[in-house]
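Scroll down for the structure; my scribbles are underneath it.
In structure tokens:
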């Protein structure tokens, strides 16, 4: 059997998967920036994380994106850090209205 015919198909699938992943990444970064702008935060650091607090770990779907962030809060005049989860469980980061924040070291 000649498997050379499968090579172009595999390449097309890989390119499409890469384009989808890159689009998902760009959408998540845009949502994160929009959230920061709406709340008068300046993002100092934002790193996408797979490991997160247990309370978020078991309630986060694969289509949601979680960032660990450090922001400068203009209203409080200080730096805050925490976890930002983008999207809903079912629609993921494509739902721009669903953003959950859990601040660290705040009671």
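Numbering (my numbering), first residue to last: 3 to 109. C-beta atoms are modelled at their ideal positions from N, C-alpha and C, and glycine is treated no differently.
{"Item": "For a test of the three-state rule: what should DSSP assign to residue 57, helix, strand or coil?", "Value": "helix"}
{"Item": "For residue 86, count neighbouring Cβ atoms within 10 angstroms of its own Cβ and tell me buried if that reaches 16, exposed if not.", "Value": "buried"}
{"Item": "Any idea if residue 78 is buried or exposed, counting beta-carbon neighbours within 10 angstroms, 16 or more meaning buried?", "Value": "exposed"}
{"Item": "Could you name the residues of the same chain whose beta carbon sits closer than 6 Å to that of residue 63, not counting the 5 residues immediately before and after it, in chain order?", "Value": "91"}
{"Item": "Looking at the strands, I want to know which residues DSSP matches up with residue 88.", "Value": "67, 101"}
{"Item": "To the nearest angstrom, how far is it from the Cα of residue 33 to the Cα of residue 80?", "Value": "22 Å"}
{"Item": "Measuring only the C-alpha atoms, how far is residue 59 from residue 107?", "Value": "19 Å"}
{"Item": "Indicate the three-state DSSP secondary structure (helix, strand or coil) for residue 3 in the structure shown.", "Value": "For residue 3, the predicted structure reports a pLDDT of 49, less than 50, and the residue's modelled location is therefore unreliable. The matter cannot be settled from this model."}
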